[in-house]
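K.L.:
I have a structure here, written as structure tokens, and I will follow up with some questions on it.
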């Protein structure tokens, strides 16, 4: 049994037909992706990133500096822990070397 009405979903229409049928309902489409704001060009049907403004560029650089500082602190801590492990292994090796064969 055929349908009485044809689906007019905007997802299934070509861009020019959608503009003809529905008119310019959407003037500007702004989307925030990560820290960038991008704009959809309704005439060409493409996303415009050239005019995209950075949202929180200063904040992101400050957070990047904070993360770099944390990385440096963690690297120093990791190096200190490696040194401690080496010292403990040397102590164990010396202790084992000093044992007589009967104590082993």
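Residue numbers (the UniProt record's numbering): 1 to 104. No residue lacks a Cβ here, since even glycine has one placed at the ideal position from N, Cα and C. Everything numeric in this text was worked out from a predicted model, so none of it was measured.
To the nearest angstrom, how far is it from the Cα of residue 35 to the Cα of residue 66?
P.N.:
Computed Cα separation, rounded: 17 Å.
K.L.:
Measure the alpha-carbon distance for residue 32 versus residue 79 and round it to whole angstroms.
P.N.:
Those two C-alpha atoms are separated by around 40 Å.
K.L.:
Which residues in the same chain have their Cβ closer than 6 Å to the Cβ of residue 29, if we skip the five residues on either side of it in sequence?
P.N.:
Counting only Cβ-Cβ distances below 6 Å, and skipping sequence neighbours, we find 40.
K.L.:
Assign residue 44 to one of three DSSP states: helix, strand, or coil.
P.N.:
Residue 44: coil per DSSP, three-state reduction.
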